[in-house]
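Presented below is the structure to which this report refers.
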Amino acid sequence: MSAVKKLTVFVFRLPFLFLLPSMIISSARSQGEALVQWKNINNLLSLGSWKTLTTSATGIQLPVTFVNLTRFDVKNNSLNGPISIAIGSLSKLVHLDLSSNSFEGNVPSVLGQLPELQYLSLSNNNLNGTIPYQVSTLKKLWYLDLGWNKLDSPDWSRFLAMPLLRYLSLANNSLHLGFLGFIPDCLNLTFLDLSVNNMTGTIPEPVFTNLGQLQYLNLSNNLFQGPLSPNISKLSKLINLHLATNKFNCSIPKSIGFLSDLETLELFENSFEGKIPSSLGQLKKLKILDLHSNGLNSTIPFELGYCSDLTFLALAGNRLTGELPFSLSNLTKISELGLSDNSLSEIGLLTKLQLLFLYNNTLSGPIPSEIGSLKNLIYLILGVNKLSGNLTSTTYLDLALNRLYGELPETISRLTNLQDFSLLGNNFSGRIPQEFGRYIPQLAYVKFANNSFSGELPPELCSGFALLEFTVDGNNLSGSLPACLRNCSGLVRVRLNRNRFTGSITNAFGVHPNLDHIDLSDNQFIGEISPEWGECKILTNLQMEQNQISGKIPAELGKLTRLHVLNLGSNKLTGTIPSELGNLKILSGTTPEGLGNCNKLLSLNLNHDNLSSDIPADGLDSDCWSIPECFPRSLHWKPGIVRKHQRTSSLQFSFNQKELKNAYLEATEDFNEKYCIGQGGSGSVYKALLPTGQVVAVKRLHISDSADVQVINHQSFVNEILMLTEVRHRNIIKLLGLCSYRGLVYLVYEYIEKGSFKSVLYGEEEGDELGWAKRGVQGLAHAIAYLHHDCSPPIIHRDISSSNVLLEAGFEPKVSDFGTARLLDPNSSNWTAVVGSHGYMAQELALSMRLTDKCDVYSFGVVALEVMMGRHPWELLNPFSSSSSAFLYENRETLLKDVLDQRLPSPRGKIAEEVVFVARMSLACANIKAESRPTMRFVAQELSATIQACLSEPLGSITASKLTGYKK
Numbered sequence: 001m002s003a004v005k006k007l008t009v010f011v012f013r014l015p016f017l018f019l020l021p022s023m024i025i026s027s028a029r030s031q032g033e034a035l036v037q038w039k040n041i042n043n044l045l046s047l048g049s050w051k052t053l054t055t056s057a058t059g060i061q062l063p064v065t066f067v068n069l070t071r072f073d074v075k076n077n078s079l080n081g082p083i084s085i086a087i088g089s090l091s092k093l094v095h096l097d098l099s100s101n102s103f104e105g106n107v108p109s110v111l112g113q114l115p116e117l118q119y120l121s122l123s124n125n126n127l128n129g130t131i132p133y134q135v136s137t138l139k140k141l142w143y144l145d146l147g148w149n150k151l152d153s154p155d156w157s158r159f160l161a162m163p164l165l166r167y168l169s170l171a172n173n174s175l176h177l178g179f180l181g182f183i184p185d186c187l188n189l190t191f192l193d194l195s196v197n198n199m200t201g202t203i204p205e206p207v208f209t210n211l212g213q214l215q216y217l218n219l220s221n222n223l224f225q226g227p228l229s230p231n232i233s234k235l236s237k238l239i240n241l242h243l244a245t246n247k248f249n250c251s252i253p254k255s256i257g258f259l260s261d262l263e264t265l266e267l268f269e270n271s272f273e274g275k276i277p278s279s280l281g282q283l284k285k286l287k288i289l290d291l292h293s294n295g296l297n298s299t300i301p302f303e304l305g306y307c308s309d310l311t312f313l314a315l316a317g318n319r320l321t322g323e324l325p326f327s328l329s330n331l332t333k334i335s336e337l338g339l340s341d342n343s344l345s346e347i348g349l350l351t352k353l354q355l356l357f358l359y360n361n362t363l364s365g366p367i368p369s370e371i372g373s374l375k376n377l378i379y380l381i382l383g384v385n386k387l388s389g390n391l392t393s394t395t396y397l398d399l400a401l402n403r404l405y406g407e408l409p410e411t412i413s414r415l416t417n418l419q420d421f422s423l424l425g426n427n428f429s430g431r432i433p434q435e436f437g438r439y440i441p442q443l444a445y446v447k448f449a450n451n452s453f454s455g456e457l458p459p460e461l462c463s464g465f466a467l468l469e470f471t472v473d474g475n476n477l478s479g480s481l482p483a484c485l486r487n488c489s490g491l492v493r494v495r496l497n498r499n500r501f502t503g504s505i506t507n508a509f510g511v512h513p514n515l516d517h518i519d520l521s522d523n524q525f526i527g528e529i530s531p532e533w534g535e536c537k538i539l540t541n542l543q544m545e546q547n548q549i550s551g552k553i554p555a556e557l558g559k560l561t562r563l564h565v566l567n568l569g570s571n572k573l574t575g576t577i578p579s580e581l582g583n584l585k586i587l588s589g590t591t592p593e594g595l596g597n598c599n600k601l602l603s604l605n606l607n608h609d610n611l612s613s614d615i616p617a618d619g620l621d622s623d624c625w626s627i628p629e630c631f632p633r634s635l636h637w638k639p640g641i642v643r644k645h646q647r648t649s650s651l652q653f654s655f656n657q658k659e660l661k662n663a664y665l666e667a668t669e670d671f672n673e674k675y676c677i678g679q680g681g682s683g684s685v686y687k688a689l690l691p692t693g694q695v696v697a698v699k700r701l702h703i704s705d706s707a708d709v710q711v712i713n714h715q716s717f718v719n720e721i722l723m724l725t726e727v728r729h730r731n732i733i734k735l736l737g738l739c740s741y742r743g744l745v746y747l748v749y750e751y752i753e754k755g756s757f758k759s760v761l762y763g764e765e766e767g768d769e770l771g772w773a774k775r776g777v778q779g780l781a782h783a784i785a786y787l788h789h790d791c792s793p794p795i796i797h798r799d800i801s802s803s804n805v806l807l808e809a810g811f812e813p814k815v816s817d818f819g820t821a822r823l824l825d826p827n828s829s830n831w832t833a834v835v836g837s838h839g840y841m842a843q844e845l846a847l848s849m850r851l852t853d854k855c856d857v858y859s860f861g862v863v864a865l866e867v868m869m870g871r872h873p874w875e876l877l878n879p880f881s882s883s884s885s886a887f888l889y890e891n892r893e894t895l896l897k898d899v900l901d902q903r904l905p906s907p908r909g910k911i912a913e914e915v916v917f918v919a920r921m922s923l924a925c926a927n928i929k930a931e932s933r934p935t936m937r938f939v940a941q942e943l944s945a946t947i948q949a950c951l952s953e954p955l956g957s958i959t960a961s962k963l964t965g966y967k968k
């Protein structure tokens with residue numbers, strides 16, 4: 001008998017204790033042939049997929065162990081095709097798990113022929129059709145999960161009661177019509193999830209009177225309506241109740257206060273009316289209460305302050321009146337608070353508060369000074385109210401990222417104690433008061449970026465020379481810079497880009513020993529680059545592109561040994577590139593001979609100038625050019641069009657049909673499918689080899705008969721353009737140009753040779769080529785950290801997945817597909833439609849649709865684990881488990897080496913240390929609790945650390961339980 005090799009880890013968990021000699025027993029033969037038949041029909045697995053299975057040359061003779069086959073588990077693979085009816089022959093099967101694959105077609109009715117079956121999971125596939133009623137005949141079944149498929153409603157009247165059923169999930173399907181009639185007769189249910197369907201009608205009374213064992217009930221994102229029965233109190237063991245995003249149009253029953261074990265209550269986005277029941281104060285274990293976006297019109301009950309374990313309270317978007325009860329000062333654990341209306345004098349006692357959301361109410365009077373006691377407060381949103389009062393003693397005023405508009409009042413200049421003033425990300429317009437700064441000698445932080453201010457800067461803006469951070473980028477400011485800037489020796493960060501400033505910069509700045517970042521790009525500055533810049537010794541980012549600067553590049557720039565980014569492109573510079581720039585050893589890339597010491601270049605842009613040094617055309621890495629010269633100039637993106645008008649939906653572009661046809665249509669033979677290298681939701685991507693030898697990727701917008709789909713696709717393109725014209729990072733794909741032809745829009749990107757991380761990881765040849773040393777995720781971490789922490793406002797990608805991370809020839813990652821990316825705006829509640837790739841989306845986004853940067857952190861963790869494991873980490877990260885580490889808890893002694901990609905030899909030495917560190921950090925990022933995840937800046941810094949912790953024990957003995965000790 002020939003041995004057949006084993007399947008990689010976590011595929012078949014068959015309870016084989018031993019293999020007996022090859023003896024033939026009819027029942028064993030029957031069940032063995034059933035598996036072989038299914039294998040042949042579905043092409044489930046390659047021949048090497050059967051774990052410790054031997055077969056004769058004829059394929060008929062099988063071990064007798066199949067007579068006792070009770071567990072069949074192939075979850076978390078890449079299996080596809082229909083589920084064969086041959087599965088019905090495995091009559092002693094107790095546990096069947098086919099979840100998280102790509103099975104399609106119907107759920108076979110022969111599952112009803114498995115009388116011993118207790119556990120059935122077909123979730124996370126592409127199954128369609130109706131659910132067969134035969135499933136309900138499985139009297140021993142206690143676990144049934146058909147969620148995250150495309151299943152439609154059957155005739156529920158044919159379904160029988162399932163007396164032992166404890167867990168039932170049909171979430172995220174296409175179920176419609178009314179409530180499932182058989183469910184109230186499943187008396188032992190503890191977990192019921194019917195969320196994200198299209199179910200209608202009312203909730204039947206027997207649900208409340210019969211299902212007294214329920215601990216988890218999720219009916220959110222349906223179309224349920226009508227009243228909630230007072231008998232909801234009979235669900236006395238409920239811990240989680242999710243009824244959000246339905247059409248309930250009644251009062252909240254008082255009896256809900258008798259659910260003494262309740263920890264989560266989500267009723268948001270309905271039409272609940274009347275009072276907030278005072279009985280909610282009896283819910284001593286309640287941690288999350290979300291009633292936002294309803295029609296509640298009472299006062300906030302005093303008794304709510306008795307819920308002392310609350311960490312999240314959202315009542316915004318109602319019609320609440322009256323004062324904030326003093327009792328809310330008892331909610332000392334609360335971190336996010338969204339309320340409405342009136343007196344706030346006790347708010348200062350909520351010392352753990354991180355988010356206070358009071359936008360769009362009728363609040364009046366002064367802002368209470370007690371808010372100053374909220375040391376942990378991150379977001380304070382007070383916009384669109386009627387607040388008044390004296391602010392002359394104010395030292396810190398942050399109104400950033402709201403929707404404030406109009407002109408700044410002249411009286412703002414009288415805030416004589418002001419030290420930190422932020423208005424960034426609003427719609428302010430007009431001139432900044434010309435006396436602003438004259439009477440504010442301690443002014444250190446001025447952040448007016450991304451508004452619509454015009455006119456000149458106040459001449460005495462920095463009269464006290466105390467300015468440390470000055471960011472006014474993204475406005476319409478003009479004129480010369482105030483002379484006092486030169487004397488602000490403590491400057492750390494300056495951003496003046498994307499304005500209309502004129503005047504000479506030759507002497508506009510002096511020596512600023514603490515200056516780290518300065519961006520003067522996209523203006524009309526003249527003059528020369530002063531040699532004094534060489535004295536700003538800790539400067540890491542110097543950008544002056546898109547101006548009228550002339551003269552030579554001073555050799556003194558060679559003193560800036562910490563420089564990461566140098567961008568002088570599109571000016572009128574002349575002369576040679578000084579050889580002293582070779583001292584900038586943090587810079588890297590292929591450069592002229594005089595720059596041979598630059599080995600870590602992040603960005604160098606000197607294009608569109610008249611420099612005369614010999615830079616070989618094929619020597620400079622593409623990262624160094626904003627738009628390659630091989631592109632027809634008529635196809636170049638017009639600088640600043642989108643960036644200066646971010647809030648418009650109409651795009652402007654320029655093209656020449658003849659050049660377009662020659663450059664792109666001929667290169668792709670009029671977009672022949674043979675050049676198609678990828679397809680996404682909004683467009684197809686083609687590889688184009690231009691006559692110059694340059695290879696680019698061209699995305700063409702999908703055409704749809706549906707107007708709605710067409711609008712969505714177009715919006716995705718617009719979003720991609722808006723985002724990619726704002727970001728610059730070596731690990732983010734570059735948008736090279738935009739053009740239109742025959743009424744269609746085309747985006748032109750740099751071509752990434754290897755394709756997506758997913759295609760490389762799962763490729764038969766390239767997967768093996770992707771060794772441990774090439775599986776670094778530092779670049780990906782830095783890209784996301786840049787989006788979150790270096791962009792203003794922060795950008796949330798929302799769809800980080802292995803399909804949207806591309807690999808260069810050297811296996812360096814680049815983030816792509818910004819079609820669903822979104823600016824993070826604390827002025828709004830950041831509720832969002834559910835977008836993203838299945839399996840990479842954070843649980844809180846799927847359930848509550850609340851967007852934070854931690855959603856991207858979770859996705860990064862999933863991708864990083866996928867890179868380490870060589871497959872998607874479904875078994876580690878079940879988003880609907882009751883614990884963030886359900887698998888790890890149940891399998892604490894699972895060895896890390898058995899989870900890692902089995903195609904590669906076990907890592908050793910330094911590589912092993914890095915692999916363990918990445919695994920631990922990835923699990924921290926993928927924590928089910930968003931607040932427990934680290935920030936991407938922290939992750940990027942940790943992954944880039946030159947020294948990793950040494951292994952305290954050999955890799956072969958590290959278990960899953962030892963990977964979860966990370967504390968942020």
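For the sequence shown, position 161 (counting from the first letter as 1) is numbered 161 according to the UniProt record's numbering, and the numbering increases by one without interruption.
Where a beta carbon is used, it is the ideal one built from N, C-alpha and C, also for glycine.
>> Can you check which of these residues, 529, 563 and 543, is closest to residue 552 by C-alpha distance?
In response: Counted from its first residue, the sequence shown places residue 552 at position 552. Looking from the CA of residue 552, the closest CA among 529, 563 and 543 belongs to 529.
> Under three-state DSSP, which class holds residue 916?
Replying inline: Residue 916 sits at position 916 when you count from the first residue of the sequence shown. Helix, per DSSP.
>> Bridge partners for residue 218 per DSSP, in chain order?
In response: The count along the sequence shown starts at 1 and reaches residue 218 at position 218. Beta-bridge pairing links residue 218 to 193 and 242.
> Between the stretch 145-164 and the stretch 118-130, are three or more C-beta pairs nearer than 8 Å?
Replying inline: Yes, since at least three Cβ pairs between the stretch 145-164 and the stretch 118-130 fall closer than 8 Å, the two stretches touch.
> Heavy atom of the ligand SAM less than 8 Å from the Cβ of residue 122, yes or no?
Replying inline: The ligand SAM is not among the ligands present in this structure, which contains no ligands whatsoever.
>> Between residue 907 and chain E, is any beta-carbon pair separated by less than 9 Å?
In response: Within the model displayed, chain E is absent; a lone protein chain is all it includes.
> So, are the CB atoms of residue 509 and residue 486 less than 9 Å apart?
Replying inline: Position 509 of the sequence shown, counted from the start, is the residue given in the question as residue 509. Position 486 of the sequence shown, counted from the start, is the residue given in the question as residue 486. Against a cut-off of 9 Å, the Cβ pair of residue 486 and residue 509 comes out as a contact.
>> Based on DSSP bridge pairs, tell me the residues matched to residue 431.
In response: Position 431 of the sequence shown, counted from the start, is the residue given in the question as residue 431. According to DSSP, residue 431 bridges with 454.
> Leaving out the 5 sequence neighbours to the left and right, which residues in its chain are closer than 8 Å to residue 537 when beta-carbon positions are compared?
Replying inline: Stepping through the sequence shown from its first residue, residue 537 is reached at position 537. Result list for residue 537: 513, 559, 560, 561 and 562, in chain order.
> Grouping DSSP H, G and I as helix and E and B as strand, with all else coil, what is residue 733?
Replying inline: Position 733 of the sequence shown, counted from the first residue, corresponds to residue 733. Reduced to three states, the DSSP call for residue 733 is coil.
> Using a Cβ-Cβ cut-off of 7 Å (strictly less than) and excluding sequence neighbours within five positions of residue 905, which residues of its own chain qualify?
Replying inline: Translated into positions along the sequence shown, residue 905 becomes position 905. Cβ neighbours of residue 905 beyond the five flanking positions: none.
>> Whole angstroms are fine: how far does the CA of residue 183 sit from the CA of residue 205?
In response: What you label residue 205 is simply residue 205 of the sequence shown in a count that begins at 1. What you label residue 183 is simply residue 183 of the sequence shown in a count that begins at 1. Taken atom to atom, the span from the alpha-carbon of residue 205 to that of residue 183 is near 12 Å.
>> Using a Cβ-Cβ cutoff of less than 6 Å, which residues in the same chain neighbour residue 922 once the five nearest sequence positions on both sides are dropped?
In response: As a working mapping, residue 922 is identified with position 922 in the sequence shown. Closer than 6 Å at the Cβ level, and outside the excluded window around residue 922, lie 861, 864 and 865.
>> Closer than 8 Å is the cut-off here; do at least three beta carbon pairs connect the stretch 431-442 with the stretch 451-460?
In response: Counting C-beta pairs with one atom in each stretch, the stretch 431-442 and the stretch 451-460 have three or more that are closer than 8 Å, which means they touch.
> Helix or strand or just coil, what does DSSP make of residue 116?
Replying inline: Sequence index remark: in the sequence shown, residue 116 carries index 116 (1-based). Correct three-state label for residue 116: coil.
>> Between which residues of its own chain and residue 292 is the CB-CB distance below 8 Å, once the five residues before and five after are set aside?
In response: For the purposes of this step, residue 292 is taken as the residue at position 292 of the sequence shown. So the list reads 268, 269, 314, 315, 316, 317, 318, 338 and 829, once near-sequence residues are dropped.
>> Helix, strand or coil, according to DSSP, for residue 739 in the structure here?
In response: Within the sequence shown, the letter at position 739 stands for residue 739. DSSP places residue 739 in the strand class (E or B) of the three-state scheme.
> Can you name the start and end residues of the beta strand (DSSP E) that residue 282 belongs to?
Replying inline: In the sequence shown, the residue the question calls residue 282 occupies position 282. Looking at the DSSP string, residue 282 is not in any beta strand (DSSP E), and its letter there is neither H nor E.
>> Tell me which residue opens and which closes the beta strand (DSSP E) that residue 508 is part of.
In response: On the sequence shown, residue 508 is found 508 positions in, with the first residue counted as 1. Note, residue 508: premise wrong, no beta strand (DSSP E); not H, not E.
> What distance in whole Å lies between the Cβ atoms of residue 433 and residue 410, which are believed to be in contact at a cut-off of 8 Å?
Replying inline: Translated into positions along the sequence shown, residue 410 becomes position 410. Translated into positions along the sequence shown, residue 433 becomes position 433. The pair is a contact, with the Cβ atoms about 5 Å apart (cut-off 8 Å).
>> Tell me the rounded alpha-carbon separation between residue 193 and residue 260.
In response: Indexing the sequence shown from 1 puts residue 193 at position 193. Indexing the sequence shown from 1 puts residue 260 at position 260. Linking residue 193 to residue 260 through their CA atoms gives a straight-line distance of about 21 Å.
> CB residue 301 to CB residue 276, shorter than 9 Å?
Replying inline: As a working note, residue 301 is residue 301 in the sequence shown. As a working note, residue 276 is residue 276 in the sequence shown. Closer than 9 Å, so yes.
>> So, at 8 Å on beta carbons, what are the nonlocal neighbours of residue 307 in its own chain, with the 5 sequence-adjacent residues on each side left out?
In response: To locate residue 307, count along the sequence shown from 1; it is residue 307. 280, 281, 283, 284, 286, 289 and 331, listed in sequence order.
>> Checking 9 Å against the spacing of the C-beta atoms, do residue 408 and residue 430 come in under that value?
In response: The residue labelled residue 408 in the question sits at position 408 within the sequence shown. The residue labelled residue 430 in the question sits at position 430 within the sequence shown. Yes, the pair counts as a contact, with Cβ atoms nearer than the cut-off.
>> What does the Cβ neighbour count give for residue 57, buried or exposed, with the cut at 16 atoms within 10 Å?
In response: Indexing the sequence shown from 1 puts residue 57 at position 57. For residue 57, the pLDDT reaches just 30, beneath the cut-off of 50, and the residue's location in the model is therefore unreliable, leaving the point undetermined.
> Looking at residue 776 and residue 943, is the spacing between their C-beta atoms short of 9 Å?
Replying inline: In the sequence shown, the residue the question calls residue 943 occupies position 943. In the sequence shown, the residue the question calls residue 776 occupies position 776. By the CB criterion at 9 Å, residue 943 and residue 776 fall inside the cutoff.
> So what does DSSP say about residue 266, is it helix, strand or coil?
Replying inline: In the sequence shown, residue 266 corresponds to position 266, counting from 1. In this structure, residue 266 counts as strand in the three-state DSSP scheme.
> Any idea if residue 139 is buried or exposed, counting beta-carbon neighbours within 10 angstroms, 16 or more meaning buried?
Replying inline: Numbered from its first residue, the sequence shown carries residue 139 at position 139. The residue is exposed, with fewer than 16 neighbouring Cβ atoms inside 10 Å.
>> I need the DSSP call for residue 535, collapsed to helix, strand or coil.
In response: Position 535 of the sequence shown, counted from the start, is the residue given in the question as residue 535. Helix.
> Do you know how far the Cα of residue 312 is from the Cα of residue 243?
Replying inline: On the sequence shown, position 243 is the one that residue 243 refers to. On the sequence shown, position 312 is the one that residue 312 refers to. Approximately 17 Å, taken between the alpha carbons.
> What residues in its chain sit with their C-beta under 6 Å from that of residue 153, if we drop five residues either side in the sequence?
Replying inline: For the purposes of this step, residue 153 is identified with residue 153 of the sequence shown, where counting begins at 1. Hits under 6 Å: 175, 176 and 177.
>> Here's a check: name, in chain order, each residue in its chain whose Cβ is nearer than 8 Å to the Cβ of residue 958, leaving out the five neighbours to either side.
In response: Working through the sequence shown from its first residue, we reach residue 958 at position 958. Cβ neighbours of residue 958 beyond the five flanking positions: 895, 896, 897, 916 and 951.
>> Within a Cβ cutoff of 7 Å, which residues of the same chain sit near residue 1031, ignoring the five residues on either side of it in sequence?
In response: Any answer about residue 1031 is impossible in this case: the structure gives the chain only from 1 up to 968.
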